[in-house]
Amino acid sequence: EKKKEWKVLVNVQLSLARLHEKLGQQKACFRYLKLARSRIEEQKLETVYPRFAIRIASYYRVLNGQLDSALYNAQEVIRTTTELNQFDHLGTGHMLMGLILSKSNDLLAIPHYQKASRIFKRLGNSTGYGYMQNNLSRLYLRANQPQLSLIHSDSFALAIQQSILAGHDDLGLQYYYFKDRAKIYQALGQHDSAWYYLSKGYETELQDLRQVNHDKIVEVE
């Protein structure tokens with residue numbers, strides 16, 4: 027602030043808002059969002075506004091429960107990132123639209139997950155692409171279309187492999203894949219396969235918990 031690095035300052039405030047959101051601290055999160063919005067308007071920081079719109083949309087979705095406000099700000103993300111060619115934020119905007127719309131209408135959410143998938147894939151974001159494929163798989167399973175769900179589950183598996191090759195051994199991704207894959211095979215009536223993937227899911231979850239506990243012990247020491 028002393029050096030009047032306004033863009034850096036706003037990004038720090040938005041990062042703090044995100045941390046407080048992850049901690050479930052609603053008042054602190056909103057306080058930093060208000061500070062960021064005030065500085066964006068004061069200094070006319072148009073290029074930072076899309077990130078602000080992402081964070082406040084997420085705040086309304088996760089902490090506040092005002093889905094109309096979350097939807098409006100997610101639409102703002104898409105509008106502004108399209109104008110500014112900020113494709114990484116554009117993918118996040120479509121992801122947010124999918125998450126919000128899936129609360130009430132899966133059919134409206136599907137195109138946004140598909141757009142987010144294409145953007146994340148083009149950017150080489152295997153984790154983002156994988157999560158979008160898994161979300162699509164879940165929506166089609168809810169729509170009683172297990173074969174379509176299985177196709178997107180296959181794409182999710184490929185994304186996990188690419189993520190591991192890139193050095194991200196994400197047990198959380200594998201856990202989601204195994205547990206949801208079990209549900210698909212259950213819907214298809216293939217109970218042996220369902221049991222196999224369910225067992226793999228719990229095994230991976232235990233590995234993840236052990237890793238988290240180990241990391242906490244190391245941190246304390």
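Take any residue in the sequence shown, count from 1 to its spot, add 26: that is its number in this note's numbering.
Backbone N, C-alpha and C define an ideal beta-carbon position, used for all residues, glycine too.
Predicted model only: the values in this text are computed from it and were never measured.
Counting C-beta neighbours from all protein chains within 10 Å, is the total for residue i 16 or more, i.e. buried, or is it exposed?
i	result
residue 76	buried
residue 186	buried
residue 248	Beyond the ends of the chain as shown, which are 27 and 247, falls residue 248; an answer cannot be given.
residue 91	exposed
residue 87	buried
residue 154	buried
residue 246	exposed
residue 225	exposed
residue 147	buried
The alpha helix (DSSP H) spanning residue i covers which residue range?
i	result
residue 74	Premise fails: residue 74 is in no alpha helix (DSSP H) and is neither H nor E.
residue 99	93 to 110
residue 37	32 to 48
residue 63	52 to 69
Where does residue i sit, in a helix, a strand or coil, going by DSSP?
i	result
residue 171	coil
residue 336	The question about residue 336 has no answer here: the residues shown for the chain are numbered 27 through 247.
residue 214	coil
residue 188	helix
residue 193	coil
residue 129	coil
residue 205	helix
residue 229	helix
residue 29	coil
residue 247	coil
With 7 Å set as the bound, which would you pick, yes or no: does the beta-carbon of residue i sit closer than that to a beta-carbon of chain D?
i	result
residue 200	The displayed structure is made up of one protein chain only, and chain D is not part of it.
### Task
Take every Cβ of the region 187 to 194, pair it with every Cβ of the region 160 to 170, and state whether three or more of those distances are shorter than 8 Å.
no
### Query
Touch check for the region 102 to 111 and the region 125 to 136: three-plus C-beta pairs under 8 Å?
no
### Query
Counting pairs of Cβ atoms below 8 Å between the region 35 to 42 and the region 55 to 65, do you hit three or more?
yes
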